[in-house]
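Asker: The structure's right below; bear with me while I get my questions together.
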Amino acid sequence: MSDIQTKNGAAGATTTGVGDESYTGQEYIVRVRGIKRTYEVGGQPVHALKGIDLDIERGEYVSIMGPSGSGKSTLFNMIGGLDKPTEGTVFIDEVDIAQLDAFELAWLRCRKIGYIFQTFNLIPVMTAQENITLPMIFAGYDLDHQLSRGQELLDAVGIPHRAHNKPSQLSGGQQQRVAIARALANHPSIVLADEPTGNLDQKTGVEIIELLKRLNKESGVTVITATHDDKMLKMSDRVVVVTDGMISRIYSRKEIEALSDTTGGFH
Ligand code: ADP
Ligand code: MG
Numbered sequence: 012m013s014d015i016q017t018k019n020g021a022a023g024a025t026t027t028g029v030g031d032e033s034y035t036g037q038e039y040i041v042r043v044r045g046i047k048r049t050y051e052v053g054g055q056p057v058h059a060l061k062g063i064d065l066d067i068e069r070g071e072y073v074s075i076m077g078p079s080g081s082g083k084s085t086l087f088n089m090i091g092g093l094d095k096p097t098e099g100t101v102f103i104d105e106v107d108i109a110q111l112d113a114f115e116l117a118w119l120r121c122r123k124i125g126y127i128f129q130t131f132n133l134i135p136v137m138t139a140q141e142n143i144t145l146p147m148i149f150a151g152y153d154l155d156h157q158l159s160r161g162q163e164l165l166d167a168v169g170i171p172h173r174a175h176n177k178p179s180q181l182s183g184g185q186q187q188r189v190a191i192a193r194a195l196a197n198h199p200s201i202v203l204a205d206e207p208t209g210n211l212d213q214k215t216g217v218e219i220i221e222l223l224k225r226l227n228k229e230s231g232v233t234v235i236t237a238t239h240d241d242k243m244l245k246m247s248d249r250v251v252v253v254t255d256g257m258i259s260r261i262y263s264r265k266e267i268e269a270l271s272d273t274t275g276g277f278h
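Spelled out as structure tokens, the structure:
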């Protein structure tokens, strides 16, 4: 879209400047700079994020790991434009998303980012096909496109014959497949999956991870997941460990492979 592209160019030019030594000209789909998020609970501040810097390359598969309450979902909400940081900047495709107006932010969320949640978050009265086509309706695609893309996605996530089932008529794994298809509906650049296997048994969870990894490889979509799941960690290009609102460690692909060969875990 021309508006976004215009901003893209402008933001790209300004963000490579002073105080940004880590920018190397690499194509980063996500850049997070100095993110802090403080909530207020009963008049008391809760410092959920205390200063996060993170660059994610286009096409990467990154896992965010950390104990419950460490700030993973808060970080996802910032990257996904669902909430605003108290301090700091999120660049998506070199656009500072705080500079977008409501329309542009809605466009970004609809077209560039796909969301997957632990609890699937499908609309219960809608069929699988209707859930999947909803983002295409928001994006203004015609019915022919909705139906053909919808079936293509049902095929891609391995449930070609479930178009007319409602969520209550699907297993947890099948519901998450519908949610993955919905996330991919408008060919996003980024998929944000917040503990996508948290409500699934281990075998189904592994199938979902393998599906996400395959889609990442095939379509080049950047996948960012929050997870505790060892299997998911091992498939990652990088593992980012978040502890108490800060990044405490980042494992590279080499380090992940070395760990997979030993009994050691991620800390
Ligand atoms: P995680 O996803 O790693 O479990 P969260 O990002 O959900 O962690 O939470 C980080 C911290 O922020 C926790 O202390 C949590 O209680 C707090 N928190 C999260 N969301 C809110 C909110 N909407 N209001 C107040 N506190 C919140
Ligand atoms: Mg969470």
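The numbering of the sequence shown is our numbering, which starts it at 12 and goes up by one.
Ideal Cβ placement from N, Cα and C applies to all residues, glycine included.
(1) Residues in its own chain within less than 6 Å of residue 149 by CB, not counting five upstream and five downstream?
(2) Considering only DSSP beta bridges, list what residue 189 is partnered with.
(3) Taking the alpha helix (DSSP H) that residue 266 belongs to, which residues open and close that run?
(4) Look at residue 91 and residue 203 and say whether their C-beta atoms are less than 8 Å apart.
(5) Within 10 Å of its beta-carbon, does residue 201 have 16 or more other beta-carbons around it, so buried, or fewer, so exposed?
(6) Would you mind giving the Cβ-Cβ distance between residue 64 and residue 39, rounded to the nearest angstrom? I have them listed as a contact below 8 Å.
(7) Compute the Euclidean distance between the alpha carbons of residue 213 and residue 71, then round it to the nearest angstrom.
(8) Exposed or buried, which one is residue 134 when buried takes at least 16 other CB atoms within 10 Å?
(9) So is the beta-carbon of residue 50 under 7 Å away from any non-hydrogen atom of the ligand ADP?
(10) In its own chain, which residues sit with a C-beta less than 7 Å from the C-beta of residue 184, not counting the 5 before and 5 after it?
(11) Nearest CA to the CA of residue 164: which residue from 178, 190 and 152?
(12) Mind checking whether residue 222 and residue 234 have CB atoms under 8 Å apart?
(13) Quick check: residue 178 and residue 186, are their CB atoms within less than 8 Å of each other?
(14) From 241, 232 and 174, pick the residue whose C-alpha is nearest to that of residue 195; which is it?
(15) Smallest Cα separation from residue 60: which of 156, 136, 248 and 98?
(16) Which same chain residues end up closer than 7 Å to residue 48 when comparing Cβ atoms and leaving out the 5 residues on each side of it in sequence?
(17) Any heavy atom of the ligand MG closer than 7 Å to the Cβ of residue 74?
Answerer: According to the data block:
(1) 121
(2) Residue 189 is not bridged to any residue.
(3) 264 to 271
(4) yes
(5) buried
(6) The Cβ separation is near 12 Å, so there is no contact.
(7) 24 Å
(8) exposed
(9) yes
(10) 211, 215, 218 and 219
(11) 190
(12) no
(13) yes
(14) 232
(15) 98
(16) 59, 60, 85, 89, 96 and 97
(17) no
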